[in-house]
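**Student:**
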Ligand SMILES: Nc1ncnc2c1ncn2[C@@H]1O[C@H](COP(=O)(O)OP(=O)(O)O)[C@@H](O)[C@H]1O
Ligand SMILES: [Mg+2]
């Protein structure tokens, strides 16, 4: 199961559309990291609106992926967490997802562009 | 106890069974009348406990039973494996305790999601039971 990662200038967009096994999640993590490094992405939006279960393992891999992306130099926004998934994650334990979240992909792209502008990478963004 | 309305056994042998188990339990919970929040809690609990079987014991089984009465809708799920067991259950129930580099949120998190939670464990047999109960007509 391969999750497509789309490129929009120096921003990457990806949307998880089906329930992922643990191996799929790890594959996704390495695809994301490889792709960020390959295109020197300044930001990545990860949409998980189709996921109706996010357990502690998936939360951890998502948080780790965000950490890895930031380490490479990319901003990360997660979008579309379902309301019951948010309830469940908070009930299970505080802060299982360590990344900024927004409602949808459109807002994610907006937020990424703001962040990228703030950190002064506008120049390299325009270069593309 | 009255005869269960429904029983299903789901074998947990590979990581793909975690996905299957959580989706089957969600379907069962929905058909019993549990709301979306409870369906999500149950599916997440199943995901955590099935993964614990895969990670710590290799394989096991998840038995799902509908033990509803006239007053209540009750779903009972037992996870059983013949792995090494949990030497110190109190420790394993603590937030952040993990022997495999995990978040250590699975057991304590599941207990918070679910109404009834119990563990018994010794070398060769671990059994984790969870129950979700709602008054009929309320869920
Ligand atoms: N079925 C099991 N058999 C043996 N040990 C288990 C089992 N389930 C859990 N454990 C032990 O309890 C610990 C805590 O489990 P859990 O709270 O799910 O956190 P994690 O899975 O992130 O380690 C595990 O690291 C493991 O040592
Ligand atoms: Mg676990």
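Chains as they are written, first to last, in the working numbering: chain A, 30 to 157; chain B, 3 to 141.
All C-beta atoms, glycine included, are put in the ideal place defined by N, C-alpha and C.
Which value, in whole angstroms, describes the spacing of the CA atoms of residue 118 (chain A) and residue 55 (chain B)?
**Tutor:** Each residue's alpha carbon lies about 21 Å from the other.
**Student:** Would you say the beta carbon of residue 43 (chain B) is closer than 8 Å to some non-hydrogen atom of ligand 1?
**Tutor:** Outside the cutoff, so no.
**Student:** Using the Cβ count rule (16 or more neighbours within 10 Å means buried), how would you classify residue 41 (chain B)?
**Tutor:** It counts as buried.
**Student:** Give the interface partners of residue 21 (chain B) over in chain A, defined as CB-CB distance under 7 Å, in chain order.
**Tutor:** In chain order: 48 and 50.
**Student:** Are the C-beta of residue 117 (chain B) and some C-beta of chain A separated by less than 9 Å?
**Tutor:** False, the Cβ-Cβ gap to chain A never drops below 9 Å.
**Student:** Cβ closer than 7 Å: which chain A residues qualify as neighbours of residue 18 (chain B)?
**Tutor:** By Cβ distance, chain A contributes 50.
**Student:** Following a CB-centred definition, is residue 138 (chain B) positioned closer than 8 Å to any heavy atom of ligand 4?
**Tutor:** No copy of ligand 4 occurs in the structure displayed; its ligands are ligand 1 and ligand 2 alone.
**Student:** Following the continuous beta strand (DSSP E) through residue 87 (chain A), name the residue where it begins and the one where it ends.
**Tutor:** Note, residue 87 (chain A): premise wrong, no beta strand (DSSP E); alpha helix (DSSP H) at 85-101.
**Student:** Taking 8 Å as the cut-off, does the CB of residue 100 (chain B) come closer than this to any heavy atom belonging to ligand 2?
**Tutor:** Checking every heavy atom of ligand 2 against the Cβ of residue 100 (chain B), one is found closer than 8 Å.
**Student:** Just tell me which of B:17, B:107, B:134 and B:84 has its CA closest to the CA of residue 78 (chain B).
**Tutor:** The shortest C-alpha separation from residue 78 (chain B) is found at B:134.
**Student:** Should residue 34 (chain B) go down as buried or exposed, given a rule of 16 or more other Cβ atoms within 10 Å for buried?
**Tutor:** The residue is buried, with at least 16 neighbouring Cβ atoms inside 10 Å.
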